[in-house]
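Undergrad:
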Amino acid sequence: MAAPLIEMRDIEKHFGSVIALGGVSLTVNAGEVHCLLGDNGAGKSTFIKTMSGVHKPNAGEMYMEGEKVVFDSARDAIDRGIATVYQDLAMIPLMSVTRNFFMGREPTKKIGPFRFIDFEEAHRITKEEMMKIGIDVRDPDQAVGTLSGGERQTVAIARAVHSGAKLLILDEPTSALGVRQTAMVLKYVNMVRERGLGVVFITHNVRHAMAVGDRFTVLNRGQTLGTAVRGEIEQDDLQNMMAGGQDLQDLSDETGDAE
Amino acid sequence: MTSDVETPDAPPQDERVKKISRFRKAMIRPELGAIAGTILVFMLFLAIARDTGMFSPQGVMTWSTVSAQFIIIAVGACLLMIAGEFDLSVGSMIGFAGIIIAITSVSWGWPVWLSIITAFILAMAIGALNGYLVIKTGLPSFIVTLAFLYILRGLTIFGAIATTRRTIIGGVREAAEGDWLAPLFGGTILTGLFQWLADIGLLETFTRGTRVGQPIVDGIPMLIVWALGLVVFGHILLTRTQFGNWIYASGGDARAARYVGVPVNRVKILMFMFTAFCATVFATAQVIEFGSAAADRGLLKEFEAIISVVIGGALLTGGYGSVVGAALGALIFGVVQQGLFFAGVESSLFRVFLGIILLLAVILNTYIRRIITGER
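Which chain is which? The protein sequence lines are Z and R, in order. Residue numbers 1 to 259, in our numbering, belong to the letters of the first sequence in order. Residue numbers 260 to 635, in our numbering, belong to the letters of the second sequence in order.
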């Protein structure tokens, strides 16, 4: 089997005297949705920020497709194909859909000695990409603020996919959404998986995780409580694990996953 | 799904996308308020000040020049505000840059071009420092640049007194005689055209004195050329380039912008430097025109710049606005100020008017913002 898309090995992160992550390991394969579950304060955010280059780990190693990587900044991670979509920071509401969609990687064309944004191209691509995911943006020049929360998340994910990301990190994309909007986002996560991308899906909603996840890792107090494979675990078990219940040991045995 | 799917007309309506009426769409253009305001202001003064000489060539030149001054600093303030920051040190920067030019050229005998370049370099370095401090400390730019409002003004007065024992330094015009760079800020262009217009009788000429036969308005002041140049530059930069998109993004949501790789710090620092650049253009033009620099020049200019920008439709919170709007805001500012003078209205009422316009502009902008962000 090919090397996993990303492998995080014994990642530790300390903030002063606080140990936010005490040796967390996780792998994500291409075409797989790996759900990262955990209660608030479990270290999910710290972990994904390490993965996306925002934090540097104090210990531990990261490998992408078998090759060791060290990220000094978010830019490094982006350049390696890791795109992170943050829950509340996905889009800038005052800017147009197109401007948001290409933010940071605007297509340009040269006129004389100057480079200008190629808006014709940008609008066309934006409209096309939005159509593919079932959002009819009649005017790509309209502000993102006019889209619903679910649409914004979906557009943010589409942006990451279009930018050529191999690994998507979705930070609680559904936690602020209603039922229908959640369904819309989850459906799109499914589509992304089918396109062969690896997805890290962070949530504390077990039902959302069960709906799309291939594997599930539960974090608690900066430690991995184990990784389970789809079909080998029940929703209730995951729920208990997150809550730090005593079914943990059973689960570890069941999945054969060493702590 | 293949591309040969029919329905050229209307793709299936998505009930999730809110419809926006044409009117509301026009409403959310940032310049709209300023365009309407400009038309109103001109109609008003055409009605009440038509016979006062306000719209004679000379009158037009007066308010265009005053407006051009506002425009120059408004363009800088506009881009900076869209990038999410303020600069309250603009006024002090104007005084500072002017005094630097005067001290180095008159007291120290430097060639004027070197003085001007020195002023630009120093001012932009201070702009960069402003930006650096704002980024590094995470303090609001309001506070950091307020500190520089005082620091720069103090340094300017101190510097002027320490070197010349005066706060007004004259003699720059003599020093600038024959300089190659000074005319770029102080001269006029198209003098030939204006002479020709006068010769064929389209422009009034002097009938007495040493300039008999010369047109009363002898050309377009460089100040106006700079203003137009900066507006065109700023507008294209903001709306057409990648960097412009980064300016919007930095002001709209700096964290979100950083996460997708926009170099927010660089954008903001560059915009502080650009604001300082604009302030120095203003200062240089003034010094070359008056032939002197005074340590108290530029007082309150920072607020006049910000007011122009806000009238022009920019949001104080950043991420939204237009250079053309800011320029129109500055035009309104200049026309009203001069127009009230022409109309013989008590000049103190200008401030009352200004305050009211500012208030209306902010209320309108807040309303617009609600529309854009889906009324939440």
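Every residue gets a Cβ at the ideal spot worked out from N, C-alpha and C, and that includes glycine. Only a predicted model underlies this, so the values are computations on that prediction, with no experimental measurement involved.
Give every residue of the same chain whose Cβ lies closer than 8 Å to the Cβ of alanine 602(R), excluding the five residues on either side of it in the sequence, and list them in chain order.
TA: What you label residue 602(R) is simply residue 343 of the second sequence in a count that begins at 1. Correct list, in chain order: Phe304, Ile307, Ala308, Thr311 and Met313.
Undergrad: Any idea which residues DSSP pairs glutamine 181(Z) with across the strands?
TA: Here residue 181(Z) refers to the residue found at position 181 when the first sequence is read from its first residue. Note: glutamine 181(Z) sits in no beta bridge, so no partner.
Undergrad: How would you list, in chain order, the residues of chain Z whose beta-carbon sits under 8 Å from the beta-carbon of glutamine 501(R)?
TA: Residue 501(R) sits at position 242 when you count from the first residue of the second sequence. By Cβ distance, chain Z contributes Glu106, Thr108, Arg115 and Ile117.
Undergrad: Compute the Euclidean distance between the alpha carbons of methionine 242(Z) and leucine 347(R), then round it to the nearest angstrom.
TA: Sequence index remark: in the first sequence, residue 242(Z) carries index 242 (1-based). Sequence index remark: in the second sequence, residue 347(R) carries index 88 (1-based). Computed Cα separation, rounded: 51 Å.
Undergrad: I'd like the span of the beta strand (DSSP E) that includes histidine 494(R), first residue to last.
TA: For the purposes of this step, residue 494(R) is taken as residue 235 along the second sequence, with counting starting at 1. It is not in any beta strand (DSSP E) - histidine 494(R) instead sits in the alpha helix (DSSP H) that spans 481 to 499.
Undergrad: In chain order, what residues of the same chain have a beta carbon less than 6 Å from the beta carbon of methionine 62(Z), not counting five sequence neighbours either side?
TA: Counting from one through the first sequence, the residue named residue 62(Z) turns up at place 62. Met8 and Val69, listed in sequence order.
Undergrad: Return yes when the Cβ of leucine 623(R) is within less than 8 Å of the Cβ of glycine 292(R), no when it is not.
TA: Here residue 292(R) refers to the residue found at position 33 when the second sequence is read from its first residue. Here residue 623(R) refers to the residue found at position 364 when the second sequence is read from its first residue. For glycine 292(R) and leucine 623(R), yes; Cβs fall inside 8 Å.
Undergrad: Does the segment 390 to 401 of chain R come within contact of the segment 592 to 601 of chain R, defined as at least 3 CB pairs closer than 8 Å?
TA: Short answer: they don't touch.
Undergrad: Compare the C-beta of arginine 99(Z) with all C-beta atoms of chain R and state if any pair is closer than 8 Å.
TA: Your numbering for residue 99(Z) matches position 99 in the first sequence. Chain R contact via Cβ: present.
Undergrad: Using the beta-carbon of each residue, which ones in chain R are nearer than 8 Å to threonine 154(Z)?
TA: Taking the first residue of the first sequence as 1, we reach residue 154(Z) at position 154. Per Cβ cutoff of 8 Å: no residues; threonine 154(Z) is ~10 Å from chain R at best.
Undergrad: Have a look at the DSSP bridge pairing and note the partners of asparagine 389(R).
TA: Start at 1 with the first residue of the second sequence, and residue 389(R) comes out as number 130. BP columns for asparagine 389(R) are empty, so no partner.
Undergrad: Histidine 14(Z) lies in the beta strand (DSSP E); which residues open and close that run?
TA: Here residue 14(Z) corresponds to residue number 14 of the first sequence, with the count starting at 1. Start and end: 6 to 15.
Undergrad: Going by the CB atoms, is the gap between threonine 543(R) and isoleucine 360(R) shorter than 8 Å?
TA: For the purposes of this step, residue 360(R) is identified with residue 101 of the second sequence, where counting begins at 1. For the purposes of this step, residue 543(R) is identified with residue 284 of the second sequence, where counting begins at 1. Contact: yes.
Undergrad: DSSP three-state call for asparagine 58(Z): helix, strand or coil?
TA: In the first sequence, the residue the question calls residue 58(Z) occupies position 58. In the structure shown, asparagine 58(Z) sits in coil (DSSP, three-state: anything other than H, G, I, E or B).
Undergrad: Quick one: which residues of the segment 576 to 589 of chain R get their C-beta closer than 8 Å to a C-beta of chain Z? List them in chain order.
TA: Hits within the stretch, in order: Gly578 and Tyr579.
Undergrad: By the 10 Å Cβ neighbour count, where 16 or more other Cβ atoms means buried, how is proline 271(R) classified, buried or exposed?
TA: The residue given as residue 271(R) occupies position 12 in the second sequence. Low per-residue confidence applies at proline 271(R): pLDDT is 45, beneath 50, and the placement is therefore not dependable enough to give any value.
Undergrad: Measuring only the C-alpha atoms, how far is valine 521(R) from proline 107(Z)?
TA: For the purposes of this step, residue 521(R) is taken as the residue at position 262 of the second sequence. For the purposes of this step, residue 107(Z) is taken as the residue at position 107 of the first sequence. Rounded to the nearest angstrom, the two C-alpha atoms are 14 Å apart.
Undergrad: Residues of the segment 167 to 191 of chain Z in Cβ contact with chain R at a cutoff of 7 Å, in chain order, please.
TA: Those would be none; no residue qualifies.
Undergrad: How many angstroms separate the CA atom of isoleucine 358(R) from the CA atom of alanine 382(R)?
TA: Along the second sequence, read from residue 1 onward, the residue named residue 358(R) stands at position 99. Along the second sequence, read from residue 1 onward, the residue named residue 382(R) stands at position 123. Near 12 Å, if we compare the C-alpha coordinates of alanine 382(R) and isoleucine 358(R).
Undergrad: Between the alpha carbons of leucine 456(R) and valine 491(R), how many angstroms are there, rounded?
TA: Stepping through the second sequence from its first residue, residue 456(R) is reached at position 197. Stepping through the second sequence from its first residue, residue 491(R) is reached at position 232. Taking the straight line from one Cα to the other gives about 27 Å.
Undergrad: If you follow the beta strand (DSSP E) that arginine 115(Z) is part of, which residue opens it and which one closes it?
TA: Within the first sequence, residue 115(Z) is the residue found at index 115, counting from 1. Its beta strand (DSSP E) spans residues 114 to 117.
Undergrad: Give the C-beta separation of serine 326(R) and valine 594(R) to the nearest angstrom, bearing in mind that I take them to be a contact with Cβ-Cβ under 8 Å.
TA: The sequence position of residue 326(R) within the second sequence is 67, counting from 1. The sequence position of residue 594(R) within the second sequence is 335, counting from 1. The pair is a contact, with the Cβ atoms about 6 Å apart (cut-off 8 Å).
Undergrad: In angstroms with no decimal places, state the Cα-to-Cα distance between serine 323(R) and glycine 350(R).
TA: Taking the first residue of the second sequence as position 1, residue 323(R) is located at position 64. Taking the first residue of the second sequence as position 1, residue 350(R) is located at position 91. About 20 Å.
Undergrad: What are the start and end residues of the alpha helix (DSSP H) that includes phenylalanine 101(Z)?
TA: Position 101 of the first sequence holds residue 101(Z). Unbroken alpha helix (DSSP H) run through phenylalanine 101(Z): 97 to 101.
Undergrad: Take threonine 174(Z) as the anchor and find which of Thr182(Z), Val33(Z) and Asp237(Z) has the nearest alpha-carbon.
TA: Taking the first sequence and counting its residues from 1, one reaches residue 174(Z) at position 174. Considering only alpha carbons, the answer is Thr182(Z).
Undergrad: Compute the beta-carbon to beta-carbon distance between alanine 387(R) and methionine 532(R), rounded to the nearest angstrom, for a pair I have assumed lies under 8 Å.
TA: Here residue 387(R) corresponds to residue number 128 of the second sequence, with the count starting at 1. Here residue 532(R) corresponds to residue number 273 of the second sequence, with the count starting at 1. Right, their Cβ atoms sit about 5 Å apart.
Undergrad: Tell me where the beta strand (DSSP E) around lysine 110(Z) begins and ends.
TA: To locate residue 110(Z), count along the first sequence from 1; it is residue 110. 108 to 111 is the extent of the beta strand (DSSP E) around lysine 110(Z).
Undergrad: With 8 Å as the C-beta to C-beta threshold (strictly closer), list the residues of the segment 508 to 535 of chain R near chain Z in chain order.
TA: Answer set for the segment 508 to 535 of chain R: Ala508, Gly511, Asp512, Arg514, Ala515, Ala516, Arg517, Tyr518, Val519, Gly520 and Val521.
Undergrad: May I have the straight-line CA-CA distance separating phenylalanine 541(R) from valine 319(R), to the nearest angstrom?
TA: Within the second sequence, residue 541(R) is the residue found at index 282, counting from 1. Within the second sequence, residue 319(R) is the residue found at index 60, counting from 1. Using only the alpha carbons, I get a separation of about 20 Å.
Undergrad: Run down chain Z in chain order and give the residues with a C-beta less than 7 Å from the C-beta of asparagine 504(R).
TA: In the second sequence, residue 504(R) corresponds to position 245, counting from 1. Ordered by position in chain Z, the residues that pass the 7 Å Cβ test against asparagine 504(R) are Arg99, Met103, Glu106 and Ile117.
Undergrad: Is valine 611(R) near the ligand ATP, judged by its Cβ being under 7 Å from some heavy atom?
TA: Looking for the ligand ATP in the displayed structure turns up nothing, as the structure carries no ligands at all.
Undergrad: Listed in chain order, which residues of the segment 50 to 64 of chain Z have Cβ atoms closer than 7 Å to some Cβ of chain R?
TA: Going along the segment 50 to 64 of chain Z in chain order, one finds no residue with a Cβ nearer than 7 Å to chain R.
Undergrad: Determine, using beta carbons only, whether tryptophan 369(R) and leucine 440(R) come nearer to each other than 8 Å.
TA: Position 110 of the second sequence, counted from the start, is the residue given in the question as residue 369(R). Position 181 of the second sequence, counted from the start, is the residue given in the question as residue 440(R). No, the pair does not count as a contact, with Cβ atoms beyond the cut-off.
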